[in-house]
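The structure appears below as structure tokens.
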Amino acid sequence: RGVRAPPRDGECSLQSETAPSEDPQERLGDLWEQVAALRAEVEDQGGAMQDHIAECNARLQDMEQGIQDVAHAQEVRQQVNHVSEQALRLALRTQRVSGRGGDGELRALRGECGALGEDLSR
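Structure below.
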């Protein structure tokens, strides 16, 4: 490569070193085309990024809903376990009372059974 002489007064040089014979207008047109191509590529990538973000948001919402469902299921299981324990205790007490024939205890058991029924209906 040789050293080019600087432009003379009043002369402007837009010529690139790789294409010294290219017209400045052509060079400017090429640059505009490159800028337009880059802009289109950035817009495409931006659109793809927005799509990806929307997909991630949808997946995050699905996961949040899943976590809420699991928490609700666990609460229901705890309630069922509690009611099952109460029913078992009542059954055992009923068995004991039936064997002894205590009317007062039987009435108390009926009251507890009613309360248990209310718990189950909630």
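With my numbering, the residue at position 88 of the sequence shown is 86, and numbering never jumps. For every residue, glycine included, the Cβ atom is placed at its ideal position computed from N, Cα and C. Please read all numbers here as calculations on a predicted model, not as lab measurements.
Report task. Give the DSSP-derived three-state secondary structure of A21 in the structure shown. Result -> Start at 1 with the first residue of the sequence shown, and residue 21 comes out as number 23. Before going on, a small fix: residue 21 reads as Asp here, not Ala. Of the three classes helix, strand and coil, the one that applies to D21 here is coil, per DSSP.
Requested in this report: Would you check if the distance between the CB atom of L88 and the CB atom of E110 is smaller than 7 Å?
Outcome: Walking along the sequence shown from the start, residue 88 turns up at place 90. Walking along the sequence shown from the start, residue 110 turns up at place 112. Yes, these two residues count as a Cβ contact at 7 Å.
Query raised in the report: For T92 versus L114, is the C-beta distance shorter than 7 Å?
Result: Looking up residue 92 in the sequence shown gives position 94. Looking up residue 114 in the sequence shown gives position 116. Taking a C-beta distance under 7 Å as the contact criterion, T92 and L114 do not qualify as a contact pair.
**Report entry** Whole-angstrom C-beta distance between V81 and D49, which should lie under 8 Å
**Finding:** Position 51 of the sequence shown holds residue 49. Position 83 of the sequence shown holds residue 81. A Cβ-Cβ separation of about 48 Å leaves D49 out of contact with V81 under the 8 Å criterion.
Query raised in the report: For A85, which residues of its own chain have a beta-carbon under 8 Å away from its beta-carbon, when the five flanking residues on both sides are left out?
Result: Within the sequence shown, residue 85 is the residue found at index 87, counting from 1. L114, listed in sequence order.
Query raised in the report: Less than 7 Å separating the beta-carbons of E83 and V95?
Result: As a position in the sequence shown, residue 83 is number 85, starting the count at 1. As a position in the sequence shown, residue 95 is number 97, starting the count at 1. No. Outside cutoff.
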